[in-house]
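Asks:
Numbering (the UniProt record's numbering), first residue to last: 1 to 292.
(1) Cβ of residue 108 within 8 Å of Cβ of residue 99?
(2) Using 8 Å for Cβ pairs, my map puts residue 217 next to residue 238. What's the rounded Cβ distance?
(3) Note down the Cα distance separating residue 90 from residue 165, rounded to an integer number of angstroms.
(4) As an exercise, report each continuous beta strand (DSSP E) stretch of at least 3 residues that is fully enclosed by the segment 203-230, in chain order.
(5) Are residue 146 and residue 277 closer than 8 Å when you measure CB to CB?
(6) Per DSSP, what kind of secondary structure is residue 264 in: helix, strand or coil?
(7) For the putative contact between residue 234 and residue 271, defined by C-beta atoms under 8 Å, what is the C-beta separation to the nearest angstrom?
(8) Could you tell me the boundaries of the beta strand (DSSP E) in which residue 128 lies?
(9) Answer yes if the segment 72-87 comes into contact with the segment 51-61, meaning at least three C-beta pairs across the two stretches below 8 Å, and no otherwise.
(10) Return the CA-CA distance between residue 49 and residue 204, expressed in angstroms with no decimal places.
(11) Which residues does DSSP list as the beta-bridge partners of residue 243?
(12) Does chain D have any CB closer than 8 Å to the CB of residue 57?
(13) Any idea what DSSP makes of residue 99, helix, strand or coil?
(14) Excluding the five sequence neighbours on either side, which residues of its own chain have a C-beta within less than 7 Å of the C-beta of residue 184, listed in chain order?
Have a look at this one:
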């Protein structure tokens with residue numbers, strides 16, 4: 001069993017990006033600029049945004065953090081999005097999800113200029129990804145594809161089961177694993193209504209678990225030699241930790257790991273790659289790689 005080290009892989013990629021940014025700036029080019037909009041004080045979102053700002057520093061990007069209280073109106077948030085769309089110095093920006101209940105997330109996503117949508121959530125980027133055109137790809141799926149490639153894990157012709165059908169992970173992951181230039185796999189998507197979920201998993205060469213239920217994937221669901229990618233990050237109470245909680249994946253790691261050829265840990269697997277992929281998208285935005 002080999003552990004897929006997302007932390008080390010992300011660090012290596014960030015170092016590569018920093019090197020490229022140094023060359024761009026030395027040649028008189030513009031330093032890439034990422035802005036993040038954070039609404040309210042959700043603990044998970046605070047951590048993610050802090051890590052994104054640190055990643056920007058590591059990559060040599062300029063970063064701006066815009067904070068609002070959770071009583072901000074939808075109109076005020078849309079006005080902020082509009083301002084960032086018009087700001088020529090900002091290459092890409094994200095609005096950290098989830099948003100407060102009174103704000104329509106989809107409306108905010110669609111208001112973002114797709115040429116600056118480094119989260120890859122805008123329908124134009126989602127549509128381009130689905131048909132294999134260059135675009136910003138949703139950060140978590142892009143991070144997973146990058147890990148599989150970097151570890152030389154064969155995906156072509158393999159049976160891949162994806163647990164979960166969210167717009168952020170499950171659906172784009174399925175699209176990417178089907179693409180000719182990426183996964184080339186035979187893909188099955190399972191979710192809470194799937195009647196044969198366990199049987200599907202047992203036949204899978206690759207399982208990507210993004211179902212949001214701690215320890216959902218158990219040893220009896222995994223065949224020997226399978227590749228397991230765990231996207232789950234649920235906070236579970238843990239009195240032994242200073243924070244009072246630990247991050248738990250969707251896979252029961254201790255019993256599943258011995259059966260695998262490769263597995264990602266939680267934390268330190270997919271998480272760091274998500275932020276690293278956002279950096280890759282920001283660099284592409286700065287270079288006007290996909291859109292002029």
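Glycine included, C-beta positions come from ideal geometry on N, C-alpha and C.
Replies: Per the coordinate set shown:
(1) Yes.
(2) Contact doesn't hold; Cβ gap of about 20 Å is too wide.
(3) Using only the alpha carbons, I get a separation of about 32 Å.
(4) The segment 203-230 contains these whole beta strand (DSSP E) runs: 206-209 and 226-230.
(5) Yes, Cβ-Cβ distance for residue 146 and residue 277 is below 8 Å.
(6) In the structure shown, residue 264 sits in coil (DSSP, three-state: anything other than H, G, I, E or B).
(7) About 12 Å separates the two Cβ atoms, so there is no contact after all.
(8) Looking at the DSSP string, residue 128 is not in any beta strand (DSSP E); the run it does join, the alpha helix (DSSP H), is 123-130.
(9) No: the two stretches stay apart, fewer than three of their Cβ pairs being nearer than 8 Å.
(10) Cα atoms of residue 49 and residue 204: separation of roughly 34 Å, rounded to the nearest angstrom.
(11) Residue 243 has no beta-bridge partner at all, per DSSP.
(12) Here chain D cannot be found, since the structure has a single protein chain.
(13) Coil, per DSSP.
(14) Answer for residue 184: 155, 156 and 157, listed in chain order.
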